[in-house]
Each structure stands twice: as structure tokens, then as C-alpha cells.
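The block underneath contains the structure these notes are about, expressed in C-alpha cells.
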Amino acid sequence: MVLTNDEKRTLLLRYEFWGIDKVRALVDSRDRGLFASPEVIDVARAWVREKEKESEHRTKRQINQALFMIWVAMVIVIGIIFVK
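Residues in the sequence shown are numbered consecutively from 0, following my numbering.
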């Protein structure tokens with residue numbers, strides 16, 4: 000069975016609604032073959048990988064923002080100490 004683009008889009012919308020935990024459970028399930036074709040599982044795996052990359056990128060960005068704010072706070076504190 001080959002999925003059409005419309006079927007893939009429908010799956011992706013369903014995955015967005017379900018969330019990454021439920022889709023990951025589907026992909027990791029031992030009896031997933033009973034409920035979904037290999038093509039559907041491949042689409043689900045790709046979607047989970049994409050969401051994990053987005054999450055990793057978001058986390059790195061948040062860490063960088065926090066480090067920048069700490070740096071700015073340190074500059075302000077050092078400025079206050081040396082101005083006195």
C-alpha cells in the first residue's frame with residue numbers, strides 16, 4: 000500500500016492532535032503491525048524524529064537565552080560594583 004499525499008497530510012494532522020507521546024507509543028508498540036501498515040509506521044517515525052529535533056532546537060535556544068540573561072546580569076552587577 001502506498002500512501003497518497005492527502006493520506007499523509009491526514010496522518011500528520013492526526014499526529015499533531017494526538018501528540019508525540021501517543022504517536023511514539025504507536026511506533027514503539029510490539030503489535031503495531033496489527034493496527035497500521037509499514038508505510039503508516041514510517042510516516043509516524045519520521046514525524047516523531049522531526050518533533051524531537053524541534054524540541055531539541057527549542058531547548059538549545061532557551062538555554063542560550065538564559066545564558067545571555069545571566070551574562071547581562073553579571074555585567075550589570077560588575078558595573079554597579081566598580082562604579083561605587
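Every residue gets a Cβ at the ideal spot worked out from N, C-alpha and C, and that includes glycine.
Going by the beta-carbon positions, is the gap between residue i and residue j smaller than 9 Å?
i     : j     : result
Tyr14 : Val22 : yes
Val47 : Leu11 : no
Lys59 : Ile19 : no
Val26 : Arg44 : yes
Take residue i and list the residues in its own chain whose beta-carbon comes closer than 7 Å to its own, dropping the five residues that flank it on each side.
i     : result
Ile80 : none
Got a sec? Which residues, its chain only, sit under 6 Å from residue i by beta carbon, not counting five neighbours each side?
i     : result
Arg57 : none
Which same chain residues, not among the five before or five after residue i, have their C-beta less than 8 Å away from its C-beta?
i     : result
Val74 : none
- Message: In chain order, what are the residue ranges of uninterrupted alpha helix (DSSP H) at least 4 long that sit wholly in the stretch 9–71?
- Response: 19–27
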